[in-house]
Amino acid sequence: MKRLTFIGIIILLFFTFTAMAGSAKKYGKALTLKRVTKISTILEKPEKYHGKKVLVEGTIVDVCEKRGCWIEIASDKEFESLRFKVEDGVMTFPVDAKGKKVRAEGKFSLEVVSKEELIEQGKKHAKESGEEFDAASITEGKTYIQIDGLGAEVK
Amino acid sequence: MKWRKWNNILHRDIGYLVVGLTIVYGISGIAVNHVQDWNPNYNIEKEFLTIEPLAATERQPMVDEALKKLNLDGQPKDSFRPDEETLQLFYENKTYSIDVPTGNVMIETTQQRRVLFEMNQLHLNAPKEAWTYIADLYAFSLVFVAVTGLFVLKGKTGITGRGAWLTTIGVLLPVVYWIYYLYWS
Numbered sequence: 058m059k060r061l062t063f064i065g066i067i068i069l070l071f072f073t074f075t076a077m078a079g080s081a082k083k084y085g086k087a088l089t090l091k092r093v094t095k096i097s098t099i100l101e102k103p104e105k106y107h108g109k110k111v112l113v114e115g116t117i118v119d120v121c122e123k124r125g126c127w128i129e130i131a132s133d134k135e136f137e138s139l140r141f142k143v144e145d146g147v148m149t150f151p152v153d154a155k156g157k158k159v160r161a162e163g164k165f166s167l168e169v170v171s172k173e174e175l176i177e178q179g180k181k182h183a184k185e186s187g188e189e190f191d192a193a194s195i196t197e198g199k200t201y202i203q204i205d206g207l208g209a210e211v212k
Numbered sequence: 530m531k532w533r534k535w536n537n538i539l540h541r542d543i544g545y546l547v548v549g550l551t552i553v554y555g556i557s558g559i560a561v562n563h564v565q566d567w568n569p570n571y572n573i574e575k576e577f578l579t580i581e582p583l584a585a586t587e588r589q590p591m592v593d594e595a596l597k598k599l600n601l602d603g604q605p606k607d608s609f610r611p612d613e614e615t616l617q618l619f620y621e622n623k624t625y626s627i628d629v630p631t632g633n634v635m636i637e638t639t640q641q642r643r644v645l646f647e648m649n650q651l652h653l654n655a656p657k658e659a660w661t662y663i664a665d666l667y668a669f670s671l672v673f674v675a676v677t678g679l680f681v682l683k684g685k686t687g688i689t690g691r692g693a694w695l696t697t698i699g700v701l702l703p704v705v706y707w708i709y710y711l712y713w714s
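In the order they appear, the protein sequences are chains A and B.
Its first residue numbered 58, the first sequence is counted upward by one per residue in this note's numbering.
Its first residue numbered 530, the second sequence is counted upward by one per residue in this note's numbering.
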């Protein structure tokens, strides 16, 4: 009887994991938006989407190797991609998600950082990490665009 | 005394219960503590080779040409061109990054570190949901084991004797380090 129960549990677990393998892996909060916004549309006029919640989809082309705290999603147009960033530990994307399809929802943000701010950040980072930093390597400011992640489904 | 008997019983039994998780959190703690120096979750290997430069300019013909020149049979899961000079092919746990004009190829193979990967995922609460409560319960149990541990022994080696000194040292360690970190580092 005990052996039968054990075999039953193994079979049940097998079918559960097999069923789970085919479904999308969910990260963070459940997706709420139904309409997908093309990444190319966002990148065309990023200022229009600043602060807005968007749902995008595409192939994961890069993943944060050490903490899994961001993924890079390919655009529907060539040579474009968009970063989906989460706070450390909120969601952890596995490196082997590269090449998989993702539907990701979050708040789009556009941040313009001046040259002086970049130098300040670089100095601070260098102090914390013990690495060297050459302020002369920063010649101009930068515009950061990303989606601050809320939830994602990877398949 | 009756309370010490119960203190010791609970300290012992809860101590047994948290052994497994303490090992998981301890080993993973060391692993993720050094994340600046190594990747605690994955073993990532990079291999380089050179093929003939790719002549095609459109993505699909470029992928077909690359597969032929790399002698790859299976189609990739997907491909991507981050810029005009780069083509990436994605396979399961393997990415080919091809520099189109030179034919230089970087093959990146990713493998999960067995057991350590799972330990890190649990430690960092990647599963969320019920694990959050299990981890909370574990943390509470650790505090309980620590506090009851103070009262296991009485006398010279207990909390009124040597135990007081050692406990003070243990408490001062983080406090002193934090002051050093704030004002001198």
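All C-beta atoms in this analysis are idealised placements derived from N, C-alpha and C, irrespective of residue type, glycine included.
{"Query": "Tell me, to the nearest whole angstrom, how far the beta carbon of residue 204 of chain A is from that of residue 157 of chain A; I am working on the premise that it is less than 8 angstroms.", "Result": "Between residue 157 of chain A and residue 204 of chain A the Cβ distance is about 17 angstroms, and since that is not below 8 angstroms, they are no contact."}
{"Query": "Taking buried to mean at least 16 other C-beta atoms within 10 Å of its own C-beta, is residue 60 of chain A buried or exposed?", "Result": "exposed"}
{"Query": "So residue 538 of chain B is in the alpha helix (DSSP H); what residue range does that whole segment cover?", "Result": "531-562"}
{"Query": "To the nearest whole angstrom, what separates the beta carbons of residue 113 of chain A and residue 96 of chain A, a pair I think is in contact under 8 angstroms?", "Result": "5 angstroms"}
{"Query": "May I have the straight-line CA-CA distance separating residue 600 of chain B from residue 593 of chain B, to the nearest angstrom?", "Result": "10 angstroms"}
{"Query": "On the CB-based measure, 16 or more other CB atoms within 10 Å of its CB, does residue 646 of chain B come out buried or exposed?", "Result": "buried"}
{"Query": "Got a sec? Which residues, its chain only, sit under 7 angstroms from residue 104 of chain A by beta carbon, not counting five neighbours each side?", "Result": "167"}
{"Query": "Report the partner residues of residue 617 of chain B according to the DSSP bridge assignment.", "Result": "B/609, B/626"}
{"Query": "Put residue 692 of chain B into one of helix, strand or coil per three-state DSSP.", "Result": "helix"}
{"Query": "Do residue 210 of chain A and residue 131 of chain A have their C-beta atoms within less than 8 angstroms of each other?", "Result": "no"}
{"Query": "Distance, Cα to Cα, residue 531 of chain B vs residue 671 of chain B?", "Result": "23 angstroms"}
{"Query": "For residue 178 of chain A, which residues does DSSP report across the bridge?", "Result": "Partner(s): none; residue 178 of chain A has no beta bridge."}
{"Query": "Where are the alpha helix (DSSP H) runs, 4 residues long or more, that stay fully inside the segment 84-172 of chain A, in chain order?", "Result": "96-101, 103-106"}
{"Query": "So with CB distances below 9 angstroms, who are the chain C contacts of residue 146 of chain A?", "Result": "In the structure shown, chain C does not exist; the protein chains are A and B."}
{"Query": "Could you tell me which chain B residues have their CB closer than 8 angstroms to the CB of residue 186 of chain A, listed as they occur along the chain?", "Result": "565"}
{"Query": "Look at the Cβ atom of residue 197 of chain A, then the Cβ atom of residue 172 of chain A, and state whether they are nearer than 8 angstroms.", "Result": "yes"}
{"Query": "At a Cβ cut of 8 angstroms, what residues of the segment 110-130 of chain A count as close to chain B, listed as they run along the chain?", "Result": "116, 118, 122, 123, 124, 125"}
{"Query": "Note down, in chain order, each residue of its chain lying with its Cβ closer than 7 angstroms to the Cβ of residue 640 of chain B, except the 5 sequence neighbours on either side.", "Result": "571, 572, 622"}
{"Query": "Do residue 684 of chain B and residue 678 of chain B count as a contact pair if the criterion is CB distance below 8 angstroms?", "Result": "no"}
{"Query": "Whole angstroms are fine: how far does the CA of residue 555 of chain B sit from the CA of residue 702 of chain B?", "Result": "19 angstroms"}
{"Query": "Would you verify that the beta carbon of residue 173 of chain A is, or is not, closer than 8 angstroms to some beta carbon of chain B?", "Result": "no"}
{"Query": "With 16 other CB atoms within 10 Å as the buried threshold, where does residue 589 of chain B fall?", "Result": "exposed"}
{"Query": "Who are the near neighbours of residue 161 of chain A in its chain, counting only those whose CB is closer than 6 angstroms to its CB and skipping five residues on each side?", "Result": "113, 141, 209"}
{"Query": "Are residue 801 of chain B and residue 632 of chain B close, meaning C-beta to C-beta below 8 angstroms?", "Result": "Examination of residue 801 of chain B is not possible in this model, given that chain B is present from 530 through 714 alone."}
{"Query": "Using beta-carbon positions only, say whether residue 192 of chain A and residue 179 of chain A come within less than 8 angstroms of one another.", "Result": "yes"}
{"Query": "Let me check one thing: in DSSP terms, what residues is residue 641 of chain B bridge-paired to?", "Result": "B/571"}
{"Query": "Just how far apart, CA to CA, sit residue 76 of chain A and residue 533 of chain B?", "Result": "Any reading at residue 76 of chain A must be qualified, since the residue scores a pLDDT of 49, below 50, and its modelled position is unreliable; the value itself is stated next. Distance between the alpha carbons of residue 76 of chain A and residue 533 of chain B: 51 angstroms."}
{"Query": "Output the distance between the C-alpha atoms of residue 613 of chain B and residue 626 of chain B, rounded to the nearest integer angstrom.", "Result": "13 angstroms"}
{"Query": "What is the DSSP secondary structure of residue 76 of chain A, reduced to helix, strand or coil?", "Result": "Caution is warranted here: a pLDDT of 49 is assigned to residue 76 of chain A, below 50, making its placement in the model unreliable, and the coordinate value is therefore given only provisionally. Residue 76 of chain A falls in the helix class under three-state DSSP."}
{"Query": "What are the residues of the segment 148-172 of chain A that lie near chain B, defined by any Cβ-Cβ distance shorter than 9 angstroms?", "Result": "148, 149, 151, 152, 153, 155, 156, 157, 158"}
{"Query": "Expressed to the nearest angstrom, what Euclidean distance is found between the alpha-carbon atoms of residue 638 of chain B and residue 176 of chain A?", "Result": "35 angstroms"}
{"Query": "Give the range of the beta strand (DSSP E) segment to which residue 209 of chain A is assigned.", "Result": "199-211"}
{"Query": "Contact criterion: CB-CB distance below 8 angstroms. Does residue 141 of chain A meet it with respect to chain B?", "Result": "no"}
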